[in-house]
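Scroll down for the structure; my scribbles are underneath it.
Numbering (this note's numbering), first residue to last: 2 to 174.
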């Protein structure tokens, strides 16, 4: 790939291989791509990787976790709007994009798109095919640490009573 812009991220495919995700500038601004490598080192998907996100703006600061079914969930920081937000995408074991479940797209599904910058993200697999994401919301009027869970279909699940793109505040800062 051309002009890689951020450190790559990888997770096990559960079969002795790995799924590797990176950001590069082959189309101008940084976009995300993924590749599955078998236990014997063979590349299993399209040459130069399958697109994970090619939305306008810059994609970077990525984390990759296992989906528990041979694929991966990728979470990244995205500047397609006026500030930095987080999005996620699931790529299945065959290299197919899966989120949002009703209409998979290369834009991903929003994790947090609240006004102000989101930063310092970490992600872990939830053990049920989804992902839990934690980040710091950087806004002088509403600073804090937030967490959100996306289920195996890419649907936001927290808070339980009223799903929201803002997540659940776990700390005021």
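Ideal placement from N, C-alpha and C gives every residue a C-beta, glycine not left out.
Going by C-alpha positions, residue 18 is about 33 Å away from residue 168. DSSP lists 74 as the beta-bridge partner residues of residue 66.
Beta-bridge partners assigned by DSSP to residue 144: none are found.
For the segment 101-173, the full-length beta strand (DSSP E) segments reaching 3 residues or more read 110-113, 118-126, 132-139, 145-151, 169-173 along the chain.
Residue environment for residue 14: buried (at least 16 other C-beta atoms within 10 angstroms of its C-beta). Counting along the chain, the unbroken beta strand (DSSP E) around residue 23 starts and ends at 19-25.
Rounded to whole angstroms, the separation of the alpha carbons of residue 51 and residue 109 is 14 Å. The Cβ atoms of residue 117 and residue 84 lie closer than 8 Å to each other.
For a cut-off of 8 Å, the C-beta gap from residue 77 to residue 91 is around 13 Å, too long to register as a contact. If you compare the alpha carbons of 36, 79, 44, 134 with that of residue 151, the shortest gap goes to 134. Nearest neighbour of residue 53 by Cα position, chosen from 69, 39, 70, 25, turns out to be 25.
The three-state reading of DSSP puts residue 52 in strand, counting E and B together.
Going by beta carbons, residue 136 and residue 156 fall outside the 8 Å limit.
Counting of Cβ neighbours within 10 angstroms places residue 47 among the exposed residues, the total staying below 16. If you compare the alpha carbons of 112, 64, 171 with that of residue 7, the shortest gap goes to 64. Under the criterion of beta carbons closer than 8 Å, residue 139 and residue 114 do not qualify as touching, at roughly 14 Å.
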